[in-house]
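Numbering (the working numbering), first residue to last: 1 to 240.
All remarks here apply to the structure that follows.
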């Protein structure tokens, strides 16, 4: 068993993304642009393929996606984004990894530092919290999904582990390079995950409740609201 309130946290994140669709589009388009630098053919570029899946799921218009790819491959001019990761701490000492895409590092680090300071966190040095996370593919299924069915499809396709969380959700973990093979196997078995992503999964969790959980949620929301922030990972598990 693993994960205290994985499902509640996932549902909150999904509802918030729906409420902030314009901001979500901006982040996905940046990801498509940067991913396309590694090659504009999604069949040969797994990162671009995943970014395009996110774009389609978010109903981003096709011409907008094509322009993002063209900017990434150099066929269209546009802002030149670079990837940068910041590490730090939030409420209760929970670790944070903050992935950004920016055309101005000075602006971005100032904004991240301001949010952390405002909501009770602080910026750490490179490598200060990275050991708390594992880079992996992750699929999460709703409570009530058959663990046996998920396990049969996932492990045969090369997944590393299948977990049942305390809230009843089922989680599949795989190596980043096996993400699409596992995804295809799950789809073939008729299994539709609520979350399918390559992520930084916390290896340990700090449970925050009540006021601490509310404060941490405000910090996470404020970071997510920054235009340059693509993703925030934390060891905090929030319970109301």
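Using N, Cα and C, we set each Cβ at its ideal position, and we do this for glycine too.
- Collapsing the DSSP output to three states places residue 176 in a helix.
- Contact annotation: the segment 195-208 touches the segment 79-99, with at least three C-beta pairs closer than 8 Å.
- Residue 169 sits in coil when the DSSP states are folded into three classes, being neither helix nor strand.
- Per DSSP, the unbroken alpha helix (DSSP H) holding residue 147 starts and ends at 147-156.
- Between residue 121 and residue 90, the C-beta spacing is below 8 Å.
- Residue state for residue 216 is assigned as helix, using DSSP reduced to three classes.
- Per DSSP, residue 115 is one residue of the alpha helix (DSSP H) stretching across 105-118.
- Comparing alpha carbon positions, the residue from 15, 11, 80 closest to residue 31 is 80.
- Distance from the CA atom of residue 50 to the CA atom of residue 57, rounded to whole angstroms, is 11 Å.
- When rounded, the separation of the alpha-carbon atoms in residue 163 and residue 172 is 6 Å.
- Non-local beta-carbon contacts of residue 168 in its own chain, meaning distances under 6 Å to residues more than five positions away in sequence, involve 143 in chain order.
- Your pair residue 174 and residue 137 checks out as a contact, with CB atoms roughly 4 Å apart and the cut at 8 Å.
- Residue range 46-57 is occupied by the alpha helix (DSSP H) that includes residue 48.
- Only residues of its own chain outside the window of five on either side were considered, and among them 174, 178, 181, 182 have a CB closer than 7 Å to the CB of residue 158, listed in chain order.
- Taking a contact to require three or more Cβ pairs closer than 8 Å, the segment 190-200 and the segment 210-230 do not qualify as touching.
- Judged by DSSP secondary structure, residue 66 falls within the alpha helix (DSSP H) whose first and last residues are 62-72.
- For a cut-off of 8 Å, the C-beta gap from residue 133 to residue 233 is around 6 Å, short enough to register as a contact.
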